[in-house]
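Okay, structure first, notes after.
Numbering (UniProt numbering), first residue to last: 1 to 282.
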């Protein structure tokens with residue numbers, strides 16, 4: 001969601017500059033800084049931005065710079081003359097220039113005449129805004145391609161670790177059986193072999209991670225497929241990553257085997273890197 005866009009248009013009497021900066025946010029949080037003369041058009045500009053940017057903490061700035069001998073701010077002569085009269089009563093010998101410097105800083109010495117919005121000029125501003133949005137969007141797309149490559153790498157790494165878990169599963173189950181048998185031997189108690197086999201099957205079923213491995217593989221495939229979508233899918237990828245994390249955690253809690261738990265820790269590390277970057281995805 002991060003990005004920056006800027007567009008400039010030079011008119012005969014003024015220069016229009018629009019800047020857009022976007023940071024991460026769960027929804028669209030738009031902060032607008034525009035001249036007071038265009039406040040009534042703020043909703044129109046907000047709507048234009050929202051239609052494209054969708055999410056992110058967006059700072060929108062519109063600058064109008066006068067480049068010709070034209071200004072809407074004038075000296076309020078009546079107020080200035082009254083200030084000068086009062087100051088001369090207080091200090092008759094004061095230098096007129098110094099008094100004037102004081103007066104122009106006093107309230108209401110300058111007044112700004114409100115101009116009616118020129119619809120043609122506003123149409124130009126809308127076009128400039130659209131160019132700035134396009135620039136920001138291009139920035140986002142370029143960053144998105146980098147993120148996509150990183151996501152694919154992380155998903156590939158998790159898939160490879162899952163394959164190692166699968167390859168290790170028979171060894172793990174054998175280790176569990178040996179440990180259970182050793183625990184019984186240490187008790188130095190005679191046990192019914194049939195009952196022992198039944199209990200062993202019960203515990204092995206509790207430690208079985210076949211379903212978790214299948215679901216995790218499916219979630220990884222679904223994540224990769226969703227990356228190809230042309231629609232905004234950051235939230236969807238976030239939900240999928242939650243499901244991936246759930247299966248990884250279950251494998252870790254069921255594994256009961258140190259070498260496999262080490263692989264689980266590595267999978268969690270890769271997933272955390274994915275989650276961190278997902279905060280920047282539309």
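The beta carbon of each residue, even a glycine, is placed where N, CA and C say it ideally should be.
Check	Outcome
From the DSSP output, in three-state form, read off residue 32 for me.	strand
Exposed or buried, what is residue 151 when buried is set at 16 or more other beta-carbons lying within 10 Å of its beta-carbon?	buried
Assuming contact is defined by CB atoms lying nearer than 7 Å, are residue 108 and residue 76 in contact in what I supplied?	yes
Note down the Cα distance separating residue 173 from residue 209, rounded to an integer number of angstroms.	11 Å
Decide if residue 255 is buried, meaning its Cβ has at least 16 other Cβ atoms within 10 Å, or exposed.	buried
May I ask you to report which of helix, strand or coil DSSP gives residue 164?	helix
Count the other C-beta atoms from every protein chain shown that fall within 10 angstroms of the C-beta of residue 181, then say buried if there are 16 or more, exposed otherwise.	exposed
Could you say if the region 24–31 and the region 127–145 meet the contact criterion of at least three C-beta pairs nearer than 8 Å?	no
Could you pull out every unbroken beta strand (DSSP E) segment of at least 3 residues lying fully inside the UniProt domain "Endoribonuclease YicC-like N-terminal" (1–148), listed in chain order?	3–10, 14–23, 28–33, 56–66, 73–75 and 110–112
Would you say the beta carbon of residue 47 is closer than 6 Å to some non-hydrogen atom of the ligand GTP?	In terms of ligand content, the structure shown is empty, and the ligand GTP therefore cannot be addressed.
Taking all protein chains shown into account, do 16 or more other C-beta atoms lie within 10 angstroms of the C-beta of residue 149, making it buried, or fewer, making it exposed?	exposed
Comparing C-alpha positions only, which one of 228, 240, 165 and 279 sits nearest to residue 267?	165
Tell me the DSSP secondary structure of residue 241 in three-state form.	helix
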